[in-house]
Amino acid sequence: MSEDVRSLPGRPRRFAAGFTLTELMIVLAIIGVLAAVSAPSFTKDNRASAGRDLASDVARELQKCRSEALSTGLGVRVFVFSNRVELRPYVVGATPGAAPRAPTVADPIARSLPAAAGLTFVGVVVPGVAMPAGQTLSATVHADIDFSSQGAAQFVGQATPTGATIFLQNANLPANSPDYDFRIDVTALTAYVSVRAN
1128 MSEDVRSLPG RPRRFAAGFT LTELMIVLAI IGVLAAVSAP SFTKDNRASA GRDLASDVAR
1188 ELQKCRSEAL STGLGVRVFV FSNRVELRPY VVGATPGAAP RAPTVADPIA RSLPAAAGLT
1248 FVGVVVPGVA MPAGQTLSAT VHADIDFSSQ GAAQFVGQAT PTGATIFLQN ANLPANSPDY
1308 DFRIDVTALT AYVSVRAN
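Structure (structure tokens):
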């Protein structure tokens, strides 16, 4: 009885398990086509979320500035440039009992928030004022906001206590996009920070 067992009637035939090379290549080709079709959508979403994320990060850091100023008893100054936001604490007085002095750009940076390519801080104004027409900020020209040890915020350079509004634009998107520009509002008395699309 030397018959092959696989050819006997009533017995199931055994096939090799797995995929052929052709089947695998077809699946890979389908995945490649789907990835190529969805890539522009992912890129657009990433560009849109970049501005939203930066505005949220800046608002969160400004809230931290208020908390730090209250807890340490030293104010914090926020330097807003066109391509970044730098945070510096006030400098302790040279002698005991001397008033702290406001930091300058030469003093050490506590934290910095760089803007990604295409994101620009276009202006800092008194709350309630429209976005500035021309760019007043640059990589070297800045506007400043102070967070005091009493928990208030002050747009530096204003005679009366005022908060500030920071405008951010995302040039990676068309101007009619809802994520094109954002405003970060800081109130004067409570230093409350809020973000909204402009």
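In our numbering, the protein residues as written are 1128 to 1325. Even glycine gets a Cβ: it sits at the ideal position worked out from N, Cα and C.
Inset, instruction - State the DSSP-derived secondary structure class of THR1292, mapped to helix, strand or coil. - result: strand
Inset, instruction - Determine, using beta carbons only, whether ILE1293 comes closer than 8 Å to chain B. - result: Absent from the structure: chain B. Only one protein chain is present.
Inset, instruction - Compare the C-alpha of THR1247 against each of ALA1196, GLN1277, TYR1217 and ARG1310 and name the closest. - result: ARG1310
Inset, instruction - Could you pull out every residue in the same chain whose Cβ sits closer than 7 Å to the Cβ of CYS1192, ignoring the five residues on either side in sequence? - result: VAL1203, VAL1205, LEU1214 and PHE1274
Inset, instruction - State whether the segment 1241–1257 contacts the segment 1223–1231, with contact taken as three or more CB pairs (one from each stretch) at a distance under 8 Å. - result: no
Legend entry - Counted within 10 angstroms of its Cβ, other Cβ atoms place GLN1285 as buried (16 or more) or exposed: exposed
Legend entry - For TYR1217 and GLU1092, the rounded distance between their alpha carbons: With the chain covering 1128 to 1325 only, the question about residue 1092 has no answer from this structure.
Inset, instruction - Tell me where the beta strand (DSSP E) around THR1247 begins and ends. - result: 1246–1252
Inset, instruction - Kindly provide the ranges of any beta strand (DSSP E) runs that are 3 or more residues long and lie completely inside the segment 1151–1234, ordered along the chain. - result: 1203–1207 and 1211–1216
Legend entry - Length of the line joining the Cα atoms of THR1199 and VAL1253: 27 Å
Inset, instruction - Quick one: using the 10 Å Cβ neighbour count with 16 as the cut-off for buried, is THR1149 buried or exposed? - result: exposed
Inset, instruction - Report the three-state DSSP secondary structure of LEU1148 (helix, strand or coil). - result: helix
Inset, instruction - Assign THR1267 to buried or exposed, taking buried as 16 or more other Cβ atoms, counted over all protein chains shown, within 10 Å of its Cβ. - result: exposed
Inset, instruction - In angstroms with no decimal places, state the Cα-to-Cα distance between ARG1179 and ASP1306. - result: 7 Å
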